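Colleague:
Numbering (full-length UniProt numbering), first residue to last: 1 to 73.
(1) Just to confirm, are residue 47 and residue 18 a CB contact at a threshold of 8 Å?
(2) Which of the three DSSP states is assigned to residue 58 in this structure?
(3) In angstroms, rounded to a whole number, what distance separates the CA positions of residue 49 and residue 3?
(4) Grab me the residues of residue 44's own chain with a C-beta within less than 7 Å of its C-beta, minus the 5 sequence neighbours each way, in chain order.
(5) Tell me the residue span of the alpha helix (DSSP H) that contains residue 24.
(6) Would you call the CB atoms of residue 30 and residue 64 closer than 8 Å?
(7) Pull up the distance between the alpha-carbon of residue 16 and that of residue 59, whole angstroms please.
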């Protein structure tokens, strides 16, 4: 049986902080990946820049995959 849904006001301050921190990290990764893609020449990117930009919107995995595999060194 699934747990009952909780409202934001029902969460403890620690859980609220954790959720907000995770959101900030996700947005920071997304922005960093998109800025890097925008500034980096196409010949320094493995694959199509548009594809990497689209994949960057996949939570956590997209930006991390871009930084790990999308940039040529």
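In this text, a Cβ means the ideal position worked out from N, Cα and C, and glycines have one as well.
Note that the coordinates shown come from a computational prediction; the quantities given were computed from them, not determined experimentally.
Modeller: So, from the listed chains and residues:
(1) Walking along the chain shown from the start, residue 47 turns up at place 47. Walking along the chain shown from the start, residue 18 turns up at place 18. No Cβ-Cβ contact shorter than 8 Å links residue 47 with residue 18.
(2) Working through the chain shown from its first residue, we reach residue 58 at position 58. Judged by DSSP in its simplified three-state form, residue 58 adopts coil rather than helix or strand.
(3) Position 49 of the chain shown, counting from 1, holds the residue named residue 49. Position 3 of the chain shown, counting from 1, holds the residue named residue 3. Distance between the alpha carbons of residue 49 and residue 3: 41 Å.
(4) By 1-based counting over the chain shown, the position of residue 44 is 44. If we look at residue 44 and ignore the five residues flanking it on each side, its Cβ neighbours are 71, 72.
(5) Position 24 of the chain shown holds residue 24. Note, residue 24: alpha helix (DSSP H), 13 to 39.
(6) Position 30 of the chain shown, counting from 1, holds the residue named residue 30. Position 64 of the chain shown, counting from 1, holds the residue named residue 64. Their beta carbons are not under 8 Å apart, which means residue 30 does not touch residue 64 by this criterion.
(7) Within the chain shown, residue 16 is the residue found at index 16, counting from 1. Within the chain shown, residue 59 is the residue found at index 59, counting from 1. Cα to Cα, residue 16 sits roughly 19 Å from residue 59.
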